[in-house]
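Q: Chains as they are written, first to last, in this note's numbering: chain A, 1 to 313; chain B, 314 to 427.
Idealized CB from N, CA, C, for every residue including glycine.
Keep in mind that this is a model prediction, so the values were computed, not measured.
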C-alpha cells in the first residue's frame, strides 16, 4: 500500500532475466536461462534471428552440412527458446536503468522489471551519409539483397562494401541482375578468401577498387551513383537501377547510459560477459569483440545466461 | 476452400485481378502486404498481419499480394523493396511502409485512418 511500492506493483511480474534482442546471442541466452529455471522474457523489435534472418544462407554454422536459410535459422532458434519456456515479445527498447536491486527496462510496450538483463541488441546497418541516400531508400537503395534482389532481374546494380556481407550478397544478386558493380573504397577486400575467389570468377561482377560513393541521384527512384576514385580524385557517374549497401554496422546501444563502451560504442565486457554495471550483461555483436559471427554470438549468450544464473544465486 | 465470408478474420491472398476489385469496392481502409516466399523479413510480417486481421475484423481489410506471382500490381505501385505495406483508403494509397514493421507500428498507421 505504501507509495514507494507502487511503481513495481504496477507490473504483473518481475522476471529473473530480461533479454534485449532475439538474435542468436539473445535466444541462446534464453535457452540457457530457461534450462536453469529462470523466468525469461525476450524483447525483439524486428524478427527472430536478428541480422542473420535477412541473410540468404548461413553456411558456416556447424551442424548444417548444406547450410541453412537465415530466416529459417532464426525461426528454429525461436522455437527452441519457446520450447524451454522463454516468452518473446515484439517491442523496442527505450531505456534501461537500475531500480534498487532490480533493472528497469522501458519498452515501446511498457515498463518491465528484471533481476538481471542481457543486452543482445546487435548492430544496425551503417549509412554513408551522402546526398540522396535517405530519400531513395526503398526506391532503389536497399540493405537487404535477399529481400529486394528480385526486383532487379536483368538490371544493373551496385553493391557497396568489401566485407563478407557485401561479397556474399553480390554473389546472391547474380541470380537476378545482369551486371553487378562492387564498389569498394580500398584496393583489397576484407572478406574471407573463399568469398573473394567466388567473386573473382563470377563474370557478371565487376569491381571498382579505391572508389567511394559521393551521392545517389534520382527523383522518384535511383538512377545513378556519383563516385570518386580516392587515389586520383577522378569522379564519375555510374548509371544503376539499384544499390545495396553493406558498409559495416554500428552498435545498437542508444537506450543504455552509464555502461562502459569503446570509441565506436560497442559495450566492453569481461570474458564472462559482465558489463561495467552490476546485473547487466552483454552478448553478441553489440560487444566489443574480435569476431562477430553467429557462432560467437551464441557462445556469448550461453556464457551471459550462465553468469546471470550465478549472479542470482 | 469455397465461398467467402462477409467478414475476413484472416489476411486475404489476392492476385492481380482480385486486387483491383478488393481495393475499389472497399468501404474500410485496406492494408496491403507485398511479399514473397524467399524474403525473410516478409515471413516475420505474416503472423503480425494475422493478429491485425483478427483485431480489426470488419474494420480494416488486410490483403496479401505475392509479388512473384503478381508482378503487375507490384510494378503498378513501384514496389522495389519487400516487405512493403501500403494502406489504401477509398481506393487510393495513403501511406507506404517499407521494411518489417511490428504490430504496434502498423496500428499506428491504421488507427488514424479509421
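Suppose you measure from the CA of residue 304 of chain A to the CA of residue 286 of chain A; what does that come to, to the nearest Å?
A: Here residue 304 of chain A is taken as the residue at index 304 of the first chain, counted from 1. Here residue 286 of chain A is taken as the residue at index 286 of the first chain, counted from 1. Roughly 13 Å between the two C-alpha positions.
Q: With respect to the alpha helix (DSSP H) encompassing residue 82 of chain A, which residues constitute its N-terminal and C-terminal limits?
A: As a working note, residue 82 of chain A is residue 82 in the first chain. From DSSP, the alpha helix (DSSP H) with residue 82 of chain A extends over 70–83.
Q: Any idea if residue 313 of chain A is buried or exposed, counting beta-carbon neighbours within 10 angstroms, 16 or more meaning buried?
A: Stepping through the first chain from its first residue, residue 313 of chain A is reached at position 313. The residue is exposed, with fewer than 16 neighbouring Cβ atoms inside 10 Å.
Q: Please name the residue, chosen from A:194, A:234 and A:201, that lies closest to residue 213 of chain A on a Cα-to-Cα basis.
A: Within the first chain, numbered from 1, the residue matching residue 213 of chain A stands at position 213. Of A:194, A:234 and A:201, the residue nearest in Cα terms is A:234.
Q: Buried or exposed: where does residue 252 of chain A fall if 16 or more other Cβ atoms within 10 Å of its Cβ makes it buried?
A: Taking the first chain and counting its residues from 1, the one referred to as residue 252 of chain A is at position 252. The residue is buried, with at least 16 neighbouring Cβ atoms inside 10 Å.
Q: Hey, is residue 379 of chain B's beta-carbon within less than 8 Å of any beta-carbon in chain A?
A: Taking the first residue of the second chain as position 1, residue 379 of chain B is located at position 66. No - not a single Cβ of chain A is within 8 Å of the one on residue 379 of chain B.
Q: Strictly below 9 Å CB to CB, what residues from chain B border residue 139 of chain A?
A: Here residue 139 of chain A corresponds to residue number 139 of the first chain, with the count starting at 1. Those are 391, 393, 394 and 411, listed as they occur along chain B.
Q: At a Cβ cut of 9 Å, what residues of the region 181–202 of chain A count as close to chain B, listed as they run along the chain?
A: Listed by position, the residues of the region 181–202 of chain A near chain B (Cβ gap below 9 Å) amount to none.
Q: Apply the 10 Å Cβ neighbour rule to residue 495 of chain B and answer buried if 16 or more other Cβ atoms are within range, or exposed otherwise.
A: With chain B represented from 314 up to 427, any question about residue 495 of chain B goes unanswered, as that position is not in the structure.
Q: Would you tell me roughly how many angstroms separate the C-alpha atoms of residue 90 of chain A and residue 201 of chain A, rounded to the nearest one?
A: The residue you call residue 90 of chain A lines up with position 90 of the first chain. The residue you call residue 201 of chain A lines up with position 201 of the first chain. Roughly 43 Å separates the two Cα atoms.
Q: Is there at least one Cβ from chain B nearer than 8 Å to residue 90 of chain A's Cβ?
A: Here residue 90 of chain A refers to the residue found at position 90 of the first chain. Chain B, which has a Cβ nearer than 8 Å to the Cβ of residue 90 of chain A, makes this yes.
Q: Which value, in whole angstroms, describes the spacing of the CA atoms of residue 114 of chain A and residue 103 of chain A?
A: The count along the first chain starts at 1 and reaches residue 114 of chain A at position 114. The count along the first chain starts at 1 and reaches residue 103 of chain A at position 103. Roughly 5 Å separates the two Cα atoms.
Q: Which bits of chain A does residue 328 of chain B rub up against, with CB to CB less than 9 Å?
A: As a position in the second chain, residue 328 of chain B is number 15, starting the count at 1. Correct list: empty, because the minimum Cβ distance to chain A is about 18 Å.
Q: Going by C-alpha to C-alpha distance, which of A:276, A:51, A:229 and A:150 sits closest to residue 184 of chain A?
A: Here residue 184 of chain A corresponds to residue number 184 of the first chain, with the count starting at 1. Of the listed residues, the one whose Cα sits closest to residue 184 of chain A is A:229.
Q: Which class does residue 40 of chain A belong to by DSSP, given the choice of helix, strand or coil?
A: The count along the first chain starts at 1 and reaches residue 40 of chain A at position 40. Residue 40 of chain A falls in the strand class under three-state DSSP.
Q: Who are the Cβ neighbours of residue 56 of chain A in its own chain at under 6 Å, not counting the five residues just before and after it?
A: Taking the first chain and counting its residues from 1, the one referred to as residue 56 of chain A is at position 56. Around residue 56 of chain A: 146 and 172.
Q: Verify the CB distance criterion: does residue 53 of chain A have a CB-CB separation below 8 Å to chain B?
A: Sequence index remark: in the first chain, residue 53 of chain A carries index 53 (1-based). With 8 Å as the cut-off, residue 53 of chain A counts as an interface residue toward chain B.
Q: Are the Cβ atoms of residue 26 of chain A and residue 18 of chain A separated by less than 8 Å?
A: Here residue 26 of chain A corresponds to residue number 26 of the first chain, with the count starting at 1. Here residue 18 of chain A corresponds to residue number 18 of the first chain, with the count starting at 1. Contact: no.
Q: Can you tell which of A:264, A:85, A:283 and A:59 has the C-alpha that lies nearest to the C-alpha of residue 35 of chain A?
A: Your numbering for residue 35 of chain A matches position 35 in the first chain. It is A:85 whose Cα lies nearest to the Cα of residue 35 of chain A.
Q: For residue 4 of chain A, which three-state DSSP category applies?
A: Position 4 of the first chain holds residue 4 of chain A. Only weak support exists for where residue 4 of chain A lies, its pLDDT of 43 falling under 50; the value from the coordinates is given anyway. Reduced to three states, the DSSP call for residue 4 of chain A is helix.
Q: Where does the unbroken alpha helix (DSSP H) through residue 332 of chain B begin, and where does it stop?
A: Taking the second chain and counting its residues from 1, one reaches residue 332 of chain B at position 19. That run of the alpha helix (DSSP H) goes 329–337.
Q: Is residue 285 of chain A helix, strand or coil by DSSP?
A: As a working mapping, residue 285 of chain A is identified with position 285 in the first chain. The answer is helix: DSSP assigns residue 285 of chain A an H, G or I state.
Q: Check the Cβ of residue 417 of chain B against every Cβ in chain A and list those closer than 9 Å, keeping chain order.
A: Translated into the one-based positions of the second chain, residue 417 of chain B becomes position 104. In chain order: 90, 91, 92, 108 and 109.
Q: List the residues of chain B whose Cβ lies closer than 9 Å to the Cβ of residue 158 of chain A, in chain order.
A: Taking the first chain and counting its residues from 1, the one referred to as residue 158 of chain A is at position 158. Residues of chain B passing the Cβ test: none, with the nearest at roughly 14 Å.
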